[in-house]
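Presented below is the structure to which this report refers.
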Amino acid sequence: MDFLSSMGGNAAGFFGAVIPFLFVLTIVVFVHEMGHFLVGRWCGVGVNAFSIGFGPELIGFNDRRGTRWKLCAIPLGGYVKFVGDANGASVPDPEAVARMNPQERAISFPAQPVAKRAAIVAAGPIANFILAIAVFAGAIYVSGRYETPARVEAVQPGSAAERAGFQSGDVIRSIDGQTIATFGEMQRVVSGAAGSSLSIVVDRGGEAKTLTAVPDRIEDRTPFGRHRFGRLGINGPRADAAKLVHYGPYESLKLGVHETYFVVERTFDYIGKLVTGRESADQLSGPIGIARVSGEVARVGGVGGLIGLIALLSVSIGLLNLFPIPLLDGGHLLFYAFEVIRGRPLSERAQEIGFRIGLAFVLMLMLFAAWNDILNLGASLSRGT
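What follows is the structure, given as structure tokens:
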């Protein structure tokens with residue numbers, strides 16, 4: 001009976017994550033596709049369809065320019081289908097373009113100059129980055145931020161900080177040349193530097209000292225999945241030392257850009273470590289994992305937490321789409337770069353092969369991420385028993 005109750009509770013928790021997940025994903029996808037749509041319209045390209053989701057249409061309508069706006073049954077993405085596209089992935093349809101009259105061909109996507117096509121394709125990821133910056137900046141402007149001095153109150157015995165020579169009362173000024181103003185900034189830098197040597201400048205009694213520390217590698221399972229991070233072993237100031245700092249519009253915008261850049265930087269750092277074998281791929285997540293995170297964030301942080309998750313997911317989707325993989329936006333941009341260099345587009349056969357390779361890669365990545373999600377879900381269910 002306890003096992004069945006645990007299973008039921010976990011199942012209820014999972015299904016309770018679906019609505020927050022769809023809320024977050026729909027906003028991020030809508031903004032991404034709206035970027036493509038707006039720049040396409042601005043460039044004079046006709047739009048056949050704007051879809052949230054794939055598969056059978058659930059509801060929809062036609063606007064006065066003939067674009068079909070629709071919501072489809074599989075809500076795991078979306079697409080804008082321009083005139084002359086074979087499908088929602090903007091694969092060109094030369095046969096359809098050849099059958100068009102001059103007026104139709106003039107507004108087709110394949111007939112546009114390469115600069116316009118590149119702008120339309122890049123607009124989706126750029127819109128995601130703009131959304132993330134706006135969310136981060138808006139949250140900081142409205143709520144402010146609690147900031148704690150980067151001061152060492154105590155050094156944990158046997159820790160990386162003790163081995164490096166940290167002392168109580170040290171104030172951290174910089175890490176690897178990056179200025180540190182708060183304890184939170186220090187934690188974020190150290191968290192992503194497990195096993196790496198860091199040059200840390202501290203203020204000790206008014207004198208600058210440079211310490212070399214290698215954060216310990218810590219692995220933990222959280223409600224958000226498996227998490228690995230670096231730890232120095234420093235206790236910071238007490239919670240009552242934190243001050244709520246409010247920022248004006250300009251400062252908030254700068255911090256929003258900084259937060260977005262930080263997510264991008266950490267993503268590239270993870271990919272670099274993954275390629276060099278210093279990091280495991282078991283932290284990659286797909287829809288199931290994102291749904292679990294969405295449910296947990298909604299439970300713990302409410303609407304405010306979900307808004308923060310929108311910013312994080314928006315950066316991730318924007319960045320992923322810029323990877324030079326055929327079928328993704330970055331793959332299209334790669335083809336356009338070849339077109340500029342060669343003075344003519346790649347052959348239809350070359351593009352077809354590229355799109356097939358890209359599709360295979362994306363499908364394999366999705367399957368691998370889904371497998372990770374299933375393993376993490378199984379581990380969570382086991383802990384629940």
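Under full-length UniProt numbering, the residue at position 89 of the sequence shown is numbered 89, and the numbers go up by one with no gaps. Cβ coordinates follow ideal geometry from the N, Cα and C atoms, glycine included.
Beta-bridge partners of residue i, as assigned by DSSP
{"i": "Y78", "result": "The sequence as given places Gly at residue 78; Tyr does not occur at that position. Beta-bridge pairing links G78 to I52."}
{"i": "A154", "result": "N235"}
{"i": "G230", "result": "R217"}
{"i": "F61", "result": "W69"}
{"i": "Q208", "result": "Gln is not the amino acid found at residue 208; the sequence shown has Ala there. Answer is D203."}
{"i": "V47", "result": "F82"}
{"i": "P92", "result": "D85"}
Alpha carbon of residue i to alpha carbon of residue j, nearest angstrom
{"i": "A309", "j": "A360", "result": "Checking the sequence, you will find Leu at residue 309 rather than Ala. Whole-angstrom Cα-Cα distance: 29 Å."}
{"i": "Q103", "j": "I126", "result": "30 Å"}
{"i": "D216", "j": "T148", "result": "23 Å"}
{"i": "A161", "j": "L320", "result": "36 Å"}
{"i": "H258", "j": "I307", "result": "17 Å"}
{"i": "F262", "j": "G248", "result": "21 Å"}
{"i": "L198", "j": "G78", "result": "42 Å"}
{"i": "S252", "j": "A96", "result": "48 Å"}
{"i": "F183", "j": "H246", "result": "17 Å"}
{"i": "D269", "j": "V135", "result": "23 Å"}
{"i": "A164", "j": "A137", "result": "36 Å"}
{"i": "R238", "j": "G230", "result": "21 Å"}
{"i": "V47", "j": "A350", "result": "26 Å"}
{"i": "D329", "j": "G236", "result": "44 Å"}
{"i": "M186", "j": "A118", "result": "39 Å"}
{"i": "M1", "j": "P56", "result": "Any reading at M1 must be qualified, since the residue scores a pLDDT of 40, below 50, and its modelled position is unreliable; the value itself is stated next. Cα to Cα, M1 sits roughly 40 Å from P56."}
{"i": "W69", "j": "V171", "result": "56 Å"}
{"i": "I218", "j": "S90", "result": "43 Å"}
{"i": "V152", "j": "I271", "result": "32 Å"}
{"i": "K209", "j": "R228", "result": "29 Å"}
{"i": "W371", "j": "R292", "result": "14 Å"}
{"i": "A12", "j": "Q178", "result": "Residue placement at A12 is flagged as unreliable, the pLDDT there being 48, under the threshold of 50; the coordinate-derived value follows with that caveat. Between A12 and Q178, the C-alpha separation is close to 45 Å."}
{"i": "V29", "j": "A242", "result": "36 Å"}
{"i": "G205", "j": "A213", "result": "20 Å"}
{"i": "T276", "j": "G305", "result": "33 Å"}
{"i": "P92", "j": "G60", "result": "25 Å"}
{"i": "A17", "j": "C72", "result": "20 Å"}
Element boundaries [beta strand (DSSP E), containing residue i]
{"i": "V245", "result": "K243 to V245"}
Pair within 9 Å by beta-carbon distance, residue i and residue j
{"i": "I317", "j": "H32", "result": "yes"}
{"i": "L232", "j": "Y146", "result": "no"}
{"i": "V315", "j": "N128", "result": "yes"}
{"i": "S168", "j": "A154", "result": "yes"}
{"i": "G88", "j": "M100", "result": "no"}
{"i": "A150", "j": "T260", "result": "no"}
{"i": "G53", "j": "I74", "result": "yes"}
{"i": "G295", "j": "P20", "result": "yes"}
{"i": "L333", "j": "P345", "result": "no"}
{"i": "I290", "j": "L322", "result": "no"}
{"i": "F338", "j": "I234", "result": "no"}
{"i": "P326", "j": "F355", "result": "yes"}
{"i": "S159", "j": "V201", "result": "no"}
{"i": "K81", "j": "S108", "result": "no"}
{"i": "K116", "j": "V45", "result": "yes"}
{"i": "G192", "j": "R266", "result": "yes"}
Cβ of residue i within 9 Å of any chain D Cβ
{"i": "L25", "result": "Included in the structure is just one protein chain, with no chain D present."}
Span of the alpha helix (DSSP H), counted from its first residue to its last, around residue i
{"i": "M100", "result": "Looking at the DSSP string, M100 is not in any alpha helix (DSSP H), and its letter there is neither H nor E."}
{"i": "F109", "result": "F109 -> no alpha helix (DSSP H), and no H or E assigned at all."}
{"i": "T260", "result": "P249 to V275"}
Check: Which parts of the region 314 to 370 are runs of the alpha helix (DSSP H), unbroken and 4 residues or longer, counting only runs that do not cross its ends?
Finding: 329 to 342, all fully within the region 314 to 370.
Next item on the list: Let me know the beta strand (DSSP E) ranges lying completely inside the UniProt domain "PDZ" (138 to 206), each 3 residues or longer, listed in chain order.
Entry: 145 to 147, 171 to 175 and 198 to 204
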